[in-house]
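Asks:
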Amino acid sequence: MRILLDTHILLWWLGDDPALPAPAASAIADAESEVIVSAASAWEITVKKAAGRLETPDDLIDALAENRFDTLSITAGHAIGAGQLPAYHSDPFDRMLIAQARMEGLALVSADRRFADYDVELLPLD
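In structure tokens, the structure reads:
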């Protein structure tokens, strides 16, 4: 399974947070899963950390490598796809993740219920 982690799912995983839903933890831990983190999540984390709104690992790149997570760059196609999405969700980082998951054929892992409004594959968390 190829999964794209929403930023909060990534942070819950890295922080060993009990808020991480068990199905998400199982999918991430599964050796058969290809776990992907978007550059949009790295950007969001860095912006929020710089604003003092978030505590994160000091070296996110090392943390991703230690967990064997692949990274996904943002392309112009992704940006256009995100910009063309219906305005169900106003967060630009989340809209980028939705566009990337759709365009790359990835299952998106998120606890954000607004993602279900989009035509995107979501990992069931129930």
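In the numbering used here, each number is its position in the sequence shown, counted from 1, plus 973.
Using N, Cα and C, we set each Cβ at its ideal position, and we do this for glycine too.
Where does L993 fall in DSSP's three states?
Replies: Three-state result, L993: coil.
Asks: State the DSSP-derived secondary structure class of L965, mapped to helix, strand or coil.
Replies: The question about residue 965 has no answer here: the residues shown for the chain are numbered 974 through 1099.
Asks: Which one or two residues does DSSP pair with L978 in a beta bridge?
Replies: V1082
Asks: Can you check DSSP and say which residues form a bridge with E1007?
Replies: R975
Asks: In this structure, does DSSP put T1019 in helix, strand or coil?
Replies: helix
Asks: Within a Cβ cutoff of 8 Å, which residues of the same chain sit near E1007, ignoring the five residues on either side of it in sequence?
Replies: M974, R975, I976 and D1043
Asks: Would you list the one or two residues that DSSP bridges to D1090?
Replies: Answer is none; D1090 lacks a bridge partner.
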